[in-house]
Amino acid sequence: MAEKNGGDVTVIGSDTKIKGEMHFEGGARILGSVEGKICAGLQLEIGESAVCDAELEGGRIVIDGEVRGNVNAREQLTLTEHARVQGDLSAATLVVTEGATFIGHCRVGPDAAKLESQTPAKKAEPTITTTRAATTSPASSPATAPSAAAVETKRSSIDASKASADDDLTPPWRTGESSNGSTIAERAAS
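Residue numbers 32 to 221, in our numbering, belong to the letters of the sequence shown in order.
Laid out in structure tokens, this is it:
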């Protein structure tokens, strides 16, 4: 593999298995098995015999083997005819050769790789859904579904460690009151 600036290329042989995080200032050619993360300053090549359960980052990335993980190429990402990739891709430019297999999402463009590396993972806020039971009717009458007013959805964060013994943690459906103070019957009547 030739480098633009004549930098060193590290080769991980086909009989090598590595688990962990690897950083290469120059280029790297992976022929063995890697689990973890691979970062290359210049070019990163995943050979046909390679199996990588890893996140890949590099300037130019060529995948000719199997990769399960997200791939972020600052310049160009190439998937050859033998490439088998499962994960999300981001690259300034993308080249896919006929025969390559890819399952995942793809973001391509001049800012795609920059956005991917700068975007922190967002934690989803927990969603709490409170459902109020419908009132029962006599056996001779058909059952009715609860009205829209009888179902509430709230989005909030819960920190049980901050609750004190004096806090009323009784769910609203136990008291018959909603957060605005009205009862189920009052809301159903309106």
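By construction, the Cβ of each residue, glycine as well, lies at the ideal position given by its N, Cα and C atoms.
Excluding residues up to 5 positions away in sequence, Ile49, Cys83, Ala85 lie with their Cβ nearer than 6 Å to the Cβ of Val65 in the same chain.
Contact check for Gly90 against Ala114 fails: the beta carbons are separated by 9 Å or more. The beta-carbon separation of Ala123 and Glu106, rounded to 5 Å, stays under the 8 Å limit for a contact. Here DSSP, grouped into helix, strand and coil, assigns Ala143 to helix. Within the same chain, and ignoring the five residues on either side of Val42 in sequence, the residues whose Cβ sits closer than 6 Å to its Cβ are Arg60. Closest in C-alpha terms to Lys68, from the list Ala81, Ser80, Met53, Gly78, comes Met53. Gly72 and Asp39 have their C-alpha atoms roughly 11 Å apart.
Exclusion of the five residues before and after Ser80 leaves Ser45, Leu62, Gly96 as the residues of its chain whose Cβ lies within less than 7 Å of its Cβ.
Here Val126 is exposed: its Cβ has fewer than 16 other Cβ atoms, across all protein chains shown, within 10 Å. DSSP, read as helix, strand or coil, puts Ala71 in strand.
Note on geometry: alpha-carbon atoms of Pro141 and Asp119 lie some 17 Å from one another. Annotation for Ala143: Ser121, Ala122, Ala123 place their beta carbon closer than 7 Å to its own, counting only its chain and skipping 5 residues before and after. Listed in chain order, the beta strand (DSSP E) elements of length 3 or more contained wholly in the segment 35-62 are 40-43, 48-55, 58-61. A residue is called buried once 16 or more other Cβ atoms fall within 10 Å of its Cβ, and Thr109 is buried on that count.
In the DSSP assignment, the residues bridged to Gly89 are Ala104. Approximately 7 Å separates the beta-carbon atoms of Val93 and Thr111; this is inside 8 Å, confirming the contact.
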